Ligand SMILES: *Cc1c(COP(=O)(O)O)cnc(C)c1O
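In the working numbering, the protein residues as written are 1 to 375.
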């Protein structure tokens, strides 16, 4: 099956009595054991609703299996602490999601796990590998500058050394990029973004081969970050339209990136679909479409970023991303607020930088709102 068909059909549990076409919501947390093949319990990640969503996502990512979590960070922390032990070393791309960065910085030391943050260049990652490196963690496209990491190059350098590779595939979605096909071991999603897609769900997922997913499940049962049945159902329902939402959002984003590029009031546009983006050639090679986030910069000496935000009428200034509505945020005063100004500027995050999460509205209306706020 291809993507749109998988979105609709994969993983659905057909209930025998009513023959309803949708997976029912099974509310039980207690299940009779005498004739059961395994003990079923929500924290064991094995209820019908959890499995249905995990199976759909595994089909979409072309992996053997998957686990659904209560948040993206539950997936990230559980996967990392499954494969990393005292004395191990892990390599991270420097511009990973802020929550991942803080998790590593604040928790790893107490477990005796060593770590290095490097650029997203394959050569720099390879040079930072040590004898005890067990995990390489990348994110592509990254937040908020949409840097593109060479997925195949990272998978190749890791395989020959028995290092486990993990990618945060949230920004790409399984519609645009399937890193397991290029040899990445574990795929992680914050389902709170595009998978949920309506800004009303917090969840996460980890997808990979059976052996690795079984290993992650053993740890996950102890950490307990599983998802409840009602939310599982909402995710399953959302995933049915993932393909058409992403197609529309990416087409809108391409249009907006092009329009912003031609606007003299905008000093920089970051979008992997633009030929002058650093990662454009790589993105063409490893992505189906270029994603639905566009970042851009106002010349902050000429325009006050706060006034611009205040003047928007349709687009809400809000945290998070990936929903059907277009949202905007200024990383300097949100996700990267805790960084010193010097550190912030060193990674290209100015006060005038905005991250636009493009929704499914009419692209003209989104662009008009930006233009009227600028003028
Ligand atoms: C939001 C996000 C996360 C964290 O997900 P939560 O569901 O908020 O825990 C991880 N990675 C990326 C790229 C994200 O955007």
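Ideal Cβ positions, reconstructed from N, Cα and C, are used throughout, including at glycine.
Values in this document were obtained by computation on a predicted structure and should not be read as measured data.
Out of curiosity, what's the CA-to-CA distance linking residue 7 and residue 354?
Going from the Cα of residue 7 to the Cα of residue 354 covers about 31 angstroms.
Contact criterion: CB-CB distance below 8 angstroms. Does residue 320 meet it with respect to chain B?
In the displayed structure, chain B is absent; only one protein chain is listed.
Specify the secondary structure class of residue 149 as computed by DSSP and reduced to three states.
Residue 149: coil per DSSP, three-state reduction.
Any chance the CB of residue 209 is under 7 angstroms from a heavy atom of ligand 1?
No - ligand 1 has no heavy atom lying nearer than 7 angstroms to the Cβ of residue 209.
Within its chain, find whatever has a CB closer than 6 angstroms to the CB of residue 126; leave out the 5 residues flanking it on each side and keep chain order.
Within the same chain, residue 126 has close Cβ partners 157.
For residue 21, name the three-state secondary structure that DSSP assigns.
Coil, per DSSP.
Quick check: is any heavy atom of ligand 1 less than 7 angstroms from the C-beta of residue 120?
For ligand 1, not one heavy atom lies less than 7 angstroms from the Cβ of residue 120.
Are the beta-carbon atoms belonging to residue 91 and residue 54 less than 8 angstroms from one another?
No, Cβ-Cβ distance for residue 91 and residue 54 is not below 8 angstroms.
Which whole-angstrom value describes the C-beta separation of residue 153 and residue 287, a residue pair presumed to lie in contact below a C-beta threshold of 8 angstroms?
Residue 153 to residue 287, Cβ: 15 angstroms. No contact.
Is the beta carbon of residue 60 sitting closer than 8 angstroms to the one on residue 179?
No; because the gap between Cβ atoms is not below 8 angstroms, this pair is not in contact.
Secondary structure at residue 134, three-state DSSP: helix, strand or coil?
Strand.
Report yes if the C-beta of residue 347 is less than 7 angstroms from at least one heavy atom of ligand 1; otherwise report no.
Residue 347: no, Cβ never under 7 angstroms from ligand 1.
Under 7 angstroms: does the beta carbon of residue 225 sit that close to some heavy atom of ligand 1?
No, ligand 1 has no heavy atom inside 7 angstroms of this Cβ.
From which residue to which residue does the alpha helix (DSSP H) around residue 255 run?
Its alpha helix (DSSP H) spans residues 242 to 261.
Once DSSP output is grouped into helix, strand and coil, what is the label at residue 57?
If DSSP states are grouped into helix, strand and coil, residue 57 belongs with the helices.
Are the beta-carbon atoms belonging to residue 293 and residue 335 less than 8 angstroms from one another?
Taking 8 angstroms as the Cβ cut-off, residue 293 and residue 335 do not qualify as a contacting pair.
In whole angstroms, give me the CA-to-CA distance for residue 111 and residue 221.
C-alpha separation (whole angstroms): 19 angstroms.
Give the range of the beta strand (DSSP E) segment to which residue 9 is assigned.
Residue 9 -> not in any beta strand (DSSP E); alpha helix (DSSP H) instead, spanning 3 to 9.
Between which two residues does the alpha helix (DSSP H) carrying residue 96 extend?
Looking at the DSSP string, residue 96 is not in any alpha helix (DSSP H), and its letter there is neither H nor E.
Express the C-alpha separation of residue 51 and residue 400 in angstroms, rounding to a whole number.
Beyond the ends of the chain as shown, which are 1 and 375, falls residue 400; an answer cannot be given.
Could you round the C-beta distance between residue 296 and residue 260 to whole angstroms and report it? I think they count as a contact, below 8 angstroms.
Contact holds; Cβ gap of about 5 angstroms.
If you draw a straight line from the C-alpha of residue 41 to the C-alpha of residue 169, how long is it?
If you take the alpha carbons of residue 41 and residue 169, they lie about 28 angstroms apart.
Measuring from the CB of residue 61, is there a heavy atom of ligand 1 at a distance below 7 angstroms?
No, the Cβ of residue 61 stays beyond 7 angstroms of every heavy atom of ligand 1.
Cβ-heavy atom distance between residue 168 and ligand 1 below 7 angstroms?
It does: the Cβ of residue 168 is within 7 angstroms (strictly closer) of some heavy atom of ligand 1.
Taking only the alpha-carbon atoms, compute the straight-line gap between residue 362 and residue 109 and give it to the nearest angstrom.
Answer to the nearest angstrom: the Cα atoms are 48 angstroms apart.
Verify whether the separation of the beta carbon atoms of residue 330 and residue 305 is less than 8 angstroms.
For residue 330 and residue 305, yes; Cβs fall inside 8 angstroms.
Around the C-beta of residue 326, are 16 or more other C-beta atoms found within 10 angstroms, so that it is buried, or is it exposed?
So residue 326 counts as buried.
May I have the straight-line CA-CA distance separating residue 343 from residue 322, to the nearest angstrom?
C-alpha separation (whole angstroms): 27 angstroms.
Please indicate yes or no: does the CB of residue 285 lie closer than 7 angstroms to some heavy atom of ligand 1?
No, since every heavy atom of ligand 1 falls outside the 7 angstroms radius drawn around the Cβ of residue 285.
Hey, residue 89 and residue 69 are a contact pair by Cβ (cut 8 angstroms); roughly how many whole angstroms apart?
At roughly 25 angstroms, the Cβ-Cβ gap does not stay under 8 angstroms, so residue 89 and residue 69 are not in contact.
Taking a contact to mean a Cβ-Cβ separation below 8 angstroms, would you say residue 365 touches residue 312 in this structure?
No, the Cβ-Cβ distance between residue 365 and residue 312 is not below 8 angstroms.
Under 8 angstroms between the Cβ atoms of residue 64 and residue 243?
Going by C-beta atoms, residue 64 is not nearer than 8 angstroms to residue 243.
Closest to residue 397 by CA distance: which of 207, 338, 223, 263 is it?
Lying before the first or after the last residue shown, residue 397 is absent from the chain, which here runs from 1 to 375.
Can you tell me which of 124, 148, 241 puts its alpha carbon nearest to the alpha carbon of residue 194?
For the residues 124, 148, 241, the minimum Cα distance to residue 194 belongs to 241.
Following a CB-centred definition, is residue 173 positioned closer than 7 angstroms to any heavy atom of ligand 1?
No, since every heavy atom of ligand 1 falls outside the 7 angstroms radius drawn around the Cβ of residue 173.
Taking contact to mean at least 3 C-beta pairs separated by less than 8 angstroms, is the segment 21 to 31 in contact with the segment 228 to 238?
Short answer: they touch.
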